[in-house]
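**Q** I am attaching a structure below and will ask some questions about it afterwards.
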Amino acid sequence: HPLSRAAEREDGGMELLQQYLEKYYNLGKGLKQFVIRQNNSPLVKKIQEMQKFLGLEVTGKLDSDTLEVMRKPRCGAPDVGQ
Amino acid sequence: FSTFPGMPKWRKNHLTYRIVNYTPDLPREAVDSAIEKALRVWEEVTPLTFSRMHEGEADIMISFAVREHGDFIPFDGPGNVLAHAYAPGPGVNGDAHFDEDELWTEDTTGTNLFLVAAHELGHSLGLFHSANTEALMYPLYSSFTDLTRFRLSQDDVDGIQSLYGPPPASPDAPAVPTKSSHRESVIPAPCSPALTFDAVSTLRGEILFFKDRHFWRKSLRKPDPELYLISSFWPSLPSGVDAAYEVTSKDTVLVFKGNQFWTVRGPEVQAGSPRSIYTLGFPTTVKKVDAAISVKEKKKTYFFVEDRYWRFDEKKGAMEPGFPRKISQDFPGVEKVDAAFEAFGFFYFFNKSSQLEFDPNAKKVTHTLKSNSWLNC
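Residue numbers (this note's numbering), protein chains in the order written: chain F, 1 to 82; chain V, 1001 to 1377.
As structure tokens, then:
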């Protein structure tokens, strides 16, 4: 059975989030298994770090504003140090 | 703003760049122009200057590439990552790579090359990403930037000046502020009542007013003068020139500083430049030329040095005998000249912030003007 549209969106967003955080915010591979709802999970912390850097409201959630910014074209130099 | 870990920066102020290849999306001239303009953005707020190389290894190598392109950081196809660049240093460091899978444009219908290049060259000079959304060094591309009014944010200026400091100060003209009010930019204010010029020359029907590292280009076809860095047209010319004049019959402009002069034809500095002013026939007691005027009908050039002048025969290529003479003796009302040019049959002499219009036939001053009257002030 095909996924519902809502599920498709969420899954697509999670994929984008995973790749984005891995590429630009040093998120270790395999961290997707952490539940995003846990406030102290590494994923939430990375989302907060990204939201703070990008001047977004720091919610720790993958909201529409965060997704929109993540889809904007950008410079390929990562925003974190070596 | 932020800098790279360890704060890498160039240990010299004059850097070279090379455009290794071109995108097929734009004419070559448009790529050249976007890169030059992007470099100028940083040049105007630092002591840094840039010159272009056409072969060999330059400090900043600029290229267009797709996917994996030899640096182990592959591009990702259309969208998302547009470009990346490396911090100052040897080899790949300092280089800027642009994703050829983007559609590069001069406007914002695609990805504007100038905006991305200005950002990437900020990396090449040592700036890392900024968290300030107004900053050029913010990592996200904004297609809503007004290209006609583009300027660096205060954050960008503070960032780059934390590495290289401000540009050298202009000695006299109050400047247009481009950064913190306690520091001055060298961008000269055209309508400052204290404005003086280093030199003035015609060039192919336009008038060039030289000031420190810049010149205004006044075309009679355009109402507003345009300000450029001398180095953006002629990278090997010095700043703070003493005198300049055009020999229209040879389509050249001679630019003087100290006891040397450079010959330029359009955008090219001629081979053999600079040459010594003594090859023109000046005695070695002359250390610099204050101003020069060439009169094309008579093929004579007048060189002004302190309160005297020499006359050079362009046909014979030699100084005329009987010179130097006192300026005031043959140009009544004129004592000393900082800069000069000839237009519409009149000589225009600049001294400090004043300008005298002189009729060489009537041998008298016909008007006294402010020096910046040509700049719509």
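Ideal Cβ positions, reconstructed from N, Cα and C, are used throughout, including at glycine.
From V:Phe1331, V:Gly1345, V:Ile1277 and V:Phe1215, pick the residue whose C-alpha is nearest to that of phenylalanine 1312 (chain V); which is it?
**A** Of the listed residues, the one whose Cα sits closest to phenylalanine 1312 (chain V) is V:Ile1277.
**Q** Using three-state DSSP, classify alanine 1030 (chain V) as helix, strand or coil.
**A** Helix at alanine 1030 (chain V).
**Q** Residues in its own chain within less than 8 Å of tyrosine 20 (chain F) by CB, not counting five upstream and five downstream?
**A** For tyrosine 20 (chain F), where only same-chain residues beyond five positions count, the Cβ hits under 8 Å are Met50 and Met70.
**Q** Nearest to lysine 949 (chain V) by alpha carbon, out of V:Thr1196, V:Lys1315 and V:Gly1126?
**A** Since the first residue shown for chain V is 1001 and the last is 1377, residue 949 (chain V) is missing from the structure and cannot be characterised.
**Q** Quick one: grab the DSSP three-state call for phenylalanine 1349 (chain V).
**A** Three-state result, phenylalanine 1349 (chain V): strand.
**Q** Starting from threonine 1263 (chain V), follow the beta strand (DSSP E) in both directions and report where the run begins and ends.
**A** From DSSP, the beta strand (DSSP E) with threonine 1263 (chain V) extends over 1260 to 1265.
**Q** Would you be able to state if there are at least three C-beta pairs under 8 Å between the segment 1276 to 1292 of chain V and the segment 1218 to 1225 of chain V?
**A** Touching, no.
**Q** What three-state label does DSSP hand threonine 1046 (chain V) in the structure shown?
**A** Coil at threonine 1046 (chain V), not helix or strand.
**Q** What residue does the beta strand (DSSP E) around leucine 1304 (chain V) start on, and which one ends it?
**A** Looking at the sequence itself, residue 1304 (chain V) is phenylalanine, so the reference to leucine does not match. Unbroken beta strand (DSSP E) run through phenylalanine 1304 (chain V): 1300 to 1305.
**Q** Can you tell me where the beta strand (DSSP E) with phenylalanine 1075 (chain V) in it begins and where it stops?
**A** Counting along the chain, phenylalanine 1075 (chain V) falls outside any beta strand (DSSP E), and DSSP gives it neither H nor E.
**Q** Return yes when the Cβ of phenylalanine 1210 (chain V) is within less than 8 Å of the Cβ of alanine 1244 (chain V), no when it is not.
**A** Going by C-beta atoms, alanine 1244 (chain V) is nearer than 8 Å to phenylalanine 1210 (chain V).
**Q** Would you please state the rounded distance, in angstroms, between the beta carbons of valine 1045 (chain V) and glutamine 1161 (chain V)? I believe it to be under 8 Å.
**A** Going by Cβ atoms, the distance from valine 1045 (chain V) to glutamine 1161 (chain V) rounds to 7 Å, so yes, they are a contact pair.
**Q** Look at the Cβ atom of valine 1081 (chain V), then the Cβ atom of glycine 28 (chain F), and state whether they are nearer than 8 Å.
**A** Taking 8 Å as the Cβ cut-off, valine 1081 (chain V) and glycine 28 (chain F) do not qualify as a contacting pair.
**Q** Any beta carbon from chain V within less than 8 Å of lysine 46 (chain F)'s own beta carbon?
**A** No, because no Cβ of chain V sits closer than 8 Å to the Cβ of lysine 46 (chain F).
**Q** Looking only at its chain, what residues have a beta carbon closer than 6 Å to the beta carbon of methionine 1382 (chain V), apart from the 5 residues adjacent to it on each side?
**A** Outside the modelled stretch of chain V, which goes from 1001 to 1377, sits residue 1382 (chain V), for which no answer is possible.
**Q** Roughly how many whole angstroms lie between the Cα atoms of glutamate 1036 (chain V) and phenylalanine 1304 (chain V)?
**A** Those two C-alpha atoms are separated by around 35 Å.
**Q** In angstroms, rounded to a whole number, what distance separates the CA positions of cysteine 1377 (chain V) and proline 1090 (chain V)?
**A** For cysteine 1377 (chain V) and proline 1090 (chain V), the distance between alpha carbons rounds to 47 Å.
**Q** Got a sec: which bits of the segment 49 to 62 of chain F sit with their beta carbon under 9 Å from any beta carbon on chain V, in order along the chain?
**A** Those residues of the segment 49 to 62 of chain F that come within reach of chain V (Cβ to Cβ, closer than 9 Å) are Lys52, Phe53, Leu54 and Gly55.
**Q** Whole angstroms are fine: how far does the CA of phenylalanine 1350 (chain V) sit from the CA of aspartate 1251 (chain V)?
**A** Approximately 24 Å, taken between the alpha carbons.
**Q** May I ask you to report which of helix, strand or coil DSSP gives glutamine 1355 (chain V)?
**A** Three-state result, glutamine 1355 (chain V): strand.
**Q** Against glycine 1079 (chain V), what residues of chain C qualify as contacts under a CB-to-CB distance less than 8 Å, listed in chain order?
**A** In the structure shown, chain C does not exist; the protein chains are F and V.
**Q** Can you tell which of V:Ala1339, V:Phe1144, V:Asp1076 and V:Trp1216 has its C-alpha closest to the C-alpha of aspartate 1290 (chain V)?
**A** Among V:Ala1339, V:Phe1144, V:Asp1076 and V:Trp1216, the Cα nearest to that of aspartate 1290 (chain V) belongs to V:Ala1339.
**Q** Considering just the uninterrupted stretch of the alpha helix (DSSP H) at serine 1063 (chain V), what are its terminal residues?
**A** First-last for serine 1063 (chain V): 1060 to 1065, but that is the beta strand (DSSP E), not the alpha helix (DSSP H).
**Q** Quick one, which residues of the segment 1128 to 1154 of chain V are near chain F if we go by CB-CB under 9 Å, in chain order?
**A** Within the segment 1128 to 1154 of chain V, the qualifying residues are Phe1128, His1129, Ala1131, Asn1132, Thr1133, Met1137, Tyr1138, Pro1139, Leu1140, Tyr1141, Ser1142 and Ser1143.
**Q** What three-state label does DSSP hand arginine 1040 (chain V) in the structure shown?
**A** Three-state DSSP puts arginine 1040 (chain V) in a helix.
**Q** Could you check where the alpha helix (DSSP H) with isoleucine 1327 (chain V) kicks off and where it finishes?
**A** Note, isoleucine 1327 (chain V): alpha helix (DSSP H), 1327 to 1330.
**Q** Just the C-alpha distance for phenylalanine 1331 (chain V) and histidine 1367 (chain V), rounded to the nearest angstrom, thanks.
**A** Their backbone Cα atoms lie some 14 Å apart in a straight line.
**Q** Who are the near neighbours of proline 1008 (chain V) in its chain, counting only those whose CB is closer than 7 Å to its CB and skipping five residues on each side?
**A** Closer than 7 Å at the Cβ level, and outside the excluded window around proline 1008 (chain V), lie Ala1087, Pro1088, Gly1089 and Gly1126.
**Q** Anything in chain F within Cβ reach of threonine 1023 (chain V), meaning under 7 Å, just list it in chain order.
**A** Within chain F, no residue comes near threonine 1023 (chain V); the closest Cβ sits about 16 Å away, beyond 7 Å.
**Q** Which residue comes first and which comes last in the beta strand (DSSP E) that contains aspartate 1155 (chain V)?
**A** Here aspartate 1155 (chain V) belongs to no beta strand (DSSP E); instead the alpha helix (DSSP H) covers 1154 to 1164.
**Q** Quick one: list the residues of chain F neighbouring leucine 1082 (chain V), beta-carbon separation under 9 Å, in chain order.
**A** Within chain F, the residues near leucine 1082 (chain V) are Pro73, Arg74, Cys75 and Gly76.
**Q** Excluding the five sequence neighbours on either side, which residues of its own chain have a C-beta within less than 8 Å of the C-beta of tyrosine 1138 (chain V), listed in chain order?
**A** Here the set comprises His1129, Ser1130, Ala1131 and Asn1132.
**Q** Kindly list the residues whose CB is nearer than 6 Å to the CB of isoleucine 1060 (chain V), restricted to its own chain and excluding five residues on each side of it in sequence; keep chain order.
**A** The answer, listed in chain order, is Tyr1017, Gly1094 and Ser1124.
**Q** List the residues of chain F that glutamate 1036 (chain V) touches, going by C-beta distances under 7 Å, in chain order.
**A** In chain order: nothing, as chain F lies at least about 21 Å away.
**Q** Does isoleucine 1073 (chain V) come within less than 8 Å of chain F when only Cβ atoms are used?
**A** So yes, isoleucine 1073 (chain V) belongs to the interface.
**Q** So, with DSSP's three-state summary, where would you put phenylalanine 1323 (chain V)?
**A** It is coil, neither helix nor strand.
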